[in-house]
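If you number the sequence shown the way our numbering does, the last residue is 1073 and the count never jumps.
Every residue, glycine too, gets a C-beta built ideally from N, C-alpha and C.
All values derive from a computational prediction rather than experimental measurement.
Here is the structure we will look at, set down as structure tokens.
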Amino acid sequence: MKILIFDISGEFAHFRKFNTTSSPLTYTIPTRTAITGLLGAIVGFGREEFYQHFSKEKASVAVQVISPIKKQGFGFNLINTESPKENMFRIKNRTQVKFEFVTNPSYRIFLALKDKKLFDELEDRIKRKSFNFQPYLGLAQLTSDVNFVATVEASEVSATEKVEIISALSMNRCKGENIEINPDFKYSSAIMPVEMIIDTEDTTVTPSPDGGLPKNRKTTEYAEVIYETTGKPITITVDSYIKVEGYGNILFL
């Protein structure tokens, strides 16, 4: 199979956790759904369109931590935008909320697509940095630098012994006892959304008139994802993995 490899990085990232309430916390790596949204922005798909092009059936995604993960909190004064429009200086309804951010994030993305035409377009756009919409790291204010790395051939390999995996891995692919824990490494895990769809049969909601997030999007799959926070590989026993020549072994989320 052909794999497109590119890096995404920025000053800050915020991939909001689904169970966050008043003080938004962030995943420390991009979810699969966040990565597909970024791909949709590059190509120019609408908010309700990109889900069908990058479903798990059509797209395989892996993410590798490049730089050690660090987090920092900032307080923001949020205003009530639902009130009648008025001069910014006259708005009195403000709420201070503390947001959690990943600082100086850097990740490597491995992408395989069934749609060759879409694959070629993404490869060309990333090479030329010709994006339809500005890619960002979770929030529109957190713009992302996207850099082409390589397009390589990869193959699925049956495993007979422990292997080192450089990407974050879903616990759906293995059992906890199959992971070799190194006491000198720093591991982290989180339950993340893996697959989202637009429920076109849900007649109780209508498309957002201002181009906001679709209200009829639904998460159909979650997974516990584990990774080493400084980018070191995880040693694991697994039935099969993807060998990417010159880069290492990966597992798709």
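Start-to-end residues for the beta strand (DSSP E) that takes in residue i
{"i": "Leu824", "result": "822-829"}
{"i": "Phe930", "result": "926-933"}
{"i": "Asn913", "result": "Counting along the chain, Asn913 falls outside any beta strand (DSSP E), and DSSP gives it neither H nor E."}
{"i": "Gly1068", "result": "1068-1070"}
{"i": "Arg1060", "result": "According to the sequence displayed, residue 1060 carries Ser and not Arg. Run containing Ser1060: 1060-1064, per the beta strand (DSSP E) assignment."}
{"i": "Ile1056", "result": "1054-1056"}
Residues bridged to residue i [DSSP beta-bridge criterion]
{"i": "Gly895", "result": "Lys918"}
{"i": "Ile1046", "result": "Leu989, Ser1009"}
{"i": "Ile1018", "result": "Arg1037"}
{"i": "Phe838", "result": "Answer is none; Phe838 lacks a bridge partner."}
{"i": "Ser880", "result": "Ala932"}
{"i": "Thr923", "result": "Phe832"}
{"i": "Thr846", "result": "Arg836"}
Unbroken alpha helix (DSSP H) run spanning residue i, endpoints
{"i": "Gly860", "result": "852-863"}
{"i": "Tyr871", "result": "870-873"}
Where residue i falls, given that 16 or more other Cβ within 10 Å makes a residue buried
{"i": "Thr774", "result": "The displayed coordinates of the chain run from 821 to 1073. Any statement about residue 774 would go beyond what the structure contains."}
{"i": "Phe894", "result": "exposed"}
{"i": "Pro864", "result": "Note on identity: in this sequence residue 864 is Gly, with Pro being the wrong assignment. Exposed: under 16 other Cβ atoms inside 10 Å."}
{"i": "Pro955", "result": "buried"}
{"i": "Leu825", "result": "The sequence shown places Ile at residue 825, rather than the Leu named in the question. Answer is buried; the Cβ neighbour count reaches 16."}
{"i": "Met1016", "result": "buried"}
{"i": "Ser926", "result": "buried"}
beta-carbon residue i near the ligand COA non-hydrogen atom, thresh 7 Å
{"i": "Asp1004", "result": "No copy of the ligand COA occurs in the structure displayed, which carries no ligand at all."}
Residue ranges of each beta strand (DSSP E) run of no fewer than 3 residues wholly in the segment 937-1012, ordered along the chain? For secondary structure counted as the beta strand (DSSP E) over 3 or more consecutive residues, the segment 937-1012 holds these complete runs in sequence order: 965-978, 983-985.
Cβ pair count under 8 Å reaching 3, the segment 995-1005 against the segment 847-860: no
I want to know whether the segment 976-994 touches the segment 1051-1066 - three or more CB-CB distances under 8 Å. yes
At least three beta-carbon pairs within less than 8 Å, the segment 970-983 to the segment 874-890: Touching, no, given that fewer than three Cβ pairs across the two stretches are closer than 8 Å.
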